[in-house]
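Peer 1: I'd like to ask some things about the structure below.
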Amino acid sequence: MQGNELIEVDTNVRLHIRDWGQGKTIVFIPGWPLSLEMYEYQFTQLPKHGYRCVGITLRGFGKSSKPWGEYTYDVFADDVRKVLEALDLRDVTLAGFSMGGAIALHYMARHKGERVSKLALFGAAAPSFVKRHGFQYGLESAAVNGFIELCYADRAKLNEDFGKIFFRSENAVSLKLGEWFHNMGMEASPHATAASLIALRDTDLRGDMAKVNVPTMILHATQDKICLFELAEAMAAGIKGAKLIGFEKSGHALFYEEKEKFNKELANFVG
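Those letters in the sequence shown? Residues 7 to 277, per this note's numbering, in order.
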């Protein structure tokens, strides 16, 4: 497959997939509440340098199916496995941003790293998005509860508020680019948007880190206001041999705000 396709992963559930380029394969998982479109500036550049880029829009988001039902890391990780099997992808670099990074980490534990030879985590919402007993990093649970309440009251305002802290500053990107990200978030299912916030709040992946047995690179911005840099440091300590690379000039959106450095580091890691 080369281009765009819908792949069935469950009864009446199809995921939007983009598959561009040839060469070593990178499988991209987007963050909440975005779609594979967030990786535009990777998909337009990396295939020029001999990489195959495969993007998966998670169920509930973007152009993928939006069923009622569960939105847990188990469900998402199982969907990723089904896409890898459907496309017969092997020896891939599994790459996830924010919630997608947490899903990538959970995939490695739940499916024993099947078909994956390297792991890349960007601004990942892991090992725990919120503070909990024995883990004093991340956001307060009350803050995520506020996001969930706002999702049910005024989802457009939730996405607007999220956009204000997504980049290094409110003026770090053009107005139109900010609107593009906002619209991408509004394309998501409101049920999936809230249910995924619950998964972010309630899921503890600390036990998954020791189960990663492939080379791992962590890219994380020191000015990230959503997934604090302390999370990256915790993962670097918890995943054997993981390499942490800090980004000094971006917020959560390091894949865009420092896209040249981001693409170079990712390409060097994939090899």
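The C-beta atom is built at its ideal place from N, Cα and C for all residues, glycine as well.
#1: Take Cys-157 and list the residues in its own chain whose beta-carbon comes closer than 8 Å to its own, dropping the five residues that flank it on each side.
#2: Express the C-alpha separation of Lys-72 and Gln-142 in angstroms, rounding to a whole number.
#3: If you run the structure through DSSP and keep just helix, strand and coil, what is Val-150?
#4: By how many angstroms is the C-alpha of Leu-111 removed from the C-alpha of Phe-103?
#5: Is it true that the CB of Val-33 sits closer than 9 Å to the CB of Thr-99?
#6: What is the DSSP secondary structure of Arg-58, reduced to helix, strand or coil?
#7: Which whole-angstrom value is the C-beta distance of Gly-144 and Phe-135, which I expect to be below 8 Å?
#8: How many Å lie between Thr-31 and Glu-46 at the Cα?
#9: Could you tell me which residues DSSP puts in a beta bridge with Asp-16?
#10: Counting along the chain, where does the alpha helix (DSSP H) carrying Thr-199 start and finish?
#11: For Leu-42, count neighbouring Cβ atoms within 10 angstroms of its own Cβ and tell me buried if that reaches 16, exposed if not.
#12: Taking contact to mean at least 3 C-beta pairs separated by less than 8 Å, is the segment 241-257 in contact with the segment 221-232?
#13: Going by alpha carbons, who is nearest to Trp-186 out of Lys-54, Pro-39, Pro-221, Gly-119?
#14: Among Ala-243, Asn-177, Ala-162, whose alpha-carbon lies nearest the alpha-carbon of Asn-189?
#15: Buried or exposed for Thr-63, going by 16 or more other Cβ atoms inside 10 Å?
#16: Using only CA atoms, which one of Tyr-77, Asp-208, Asp-214, Gly-247 lies nearest to Glu-146?
Peer 2: On the basis of the coordinates in this document:
#1: As a working note, residue 157 is residue 151 in the sequence shown. For Cys-157, where only same-chain residues beyond five positions count, the Cβ hits under 8 Å are Leu-164, Pro-196, Thr-199, Ala-200, Leu-203.
#2: For the purposes of this step, residue 142 is taken as residue 136 along the sequence shown, with counting starting at 1. For the purposes of this step, residue 72 is taken as residue 66 along the sequence shown, with counting starting at 1. Rounded to the nearest angstrom, the two C-alpha atoms are 34 Å apart.
#3: On the sequence shown, residue 150 is found 144 positions in, with the first residue counted as 1. Helix at Val-150.
#4: The residue given as residue 103 occupies position 97 in the sequence shown. The residue given as residue 111 occupies position 105 in the sequence shown. Looking at the two C-alpha atoms, the distance is approximately 11 Å.
#5: In the sequence shown, counting from the first residue as 1, residue 99 sits at position 93. In the sequence shown, counting from the first residue as 1, residue 33 sits at position 27. Cβ atoms of Thr-99 and Val-33: closer than 9 Å.
#6: On the sequence shown, position 52 is the one that residue 58 refers to. Arg-58 falls in the strand class under three-state DSSP.
#7: Mapped onto the sequence shown, residue 144 falls at position 138. Mapped onto the sequence shown, residue 135 falls at position 129. 5 Å between Cβ atoms; contact.
#8: Position 25 of the sequence shown, counted from the first residue, corresponds to residue 31. Position 40 of the sequence shown, counted from the first residue, corresponds to residue 46. Rounded to the nearest whole angstrom, the C-alpha separation of Thr-31 and Glu-46 is 16 Å.
#9: Indexing the sequence shown from 1 puts residue 16 at position 10. The partner list for Asp-16 (beta bridge, DSSP) reads Val-19.
#10: The sequence position of residue 199 within the sequence shown is 193, counting from 1. Taken as a continuous stretch (DSSP letters only), the alpha helix (DSSP H) holding Thr-199 covers 196-208.
#11: Stepping through the sequence shown from its first residue, residue 42 is reached at position 36. Flag for Leu-42 reads buried.
#12: yes
#13: By 1-based counting over the sequence shown, the position of residue 186 is 180. Measuring from the Cα of Trp-186, the nearest candidate turns out to be Pro-39.
#14: As a working note, residue 189 is residue 183 in the sequence shown. With distances taken between Cα atoms, Asn-189 lies closest to Ala-162.
#15: Your numbering for residue 63 matches position 57 in the sequence shown. Thr-63 should be labelled buried.
#16: Reading the sequence shown from its first residue, position 140 is the one you call residue 146. Glu-146 has its Cα closest to that of Asp-208, out of Tyr-77, Asp-208, Asp-214, Gly-247.
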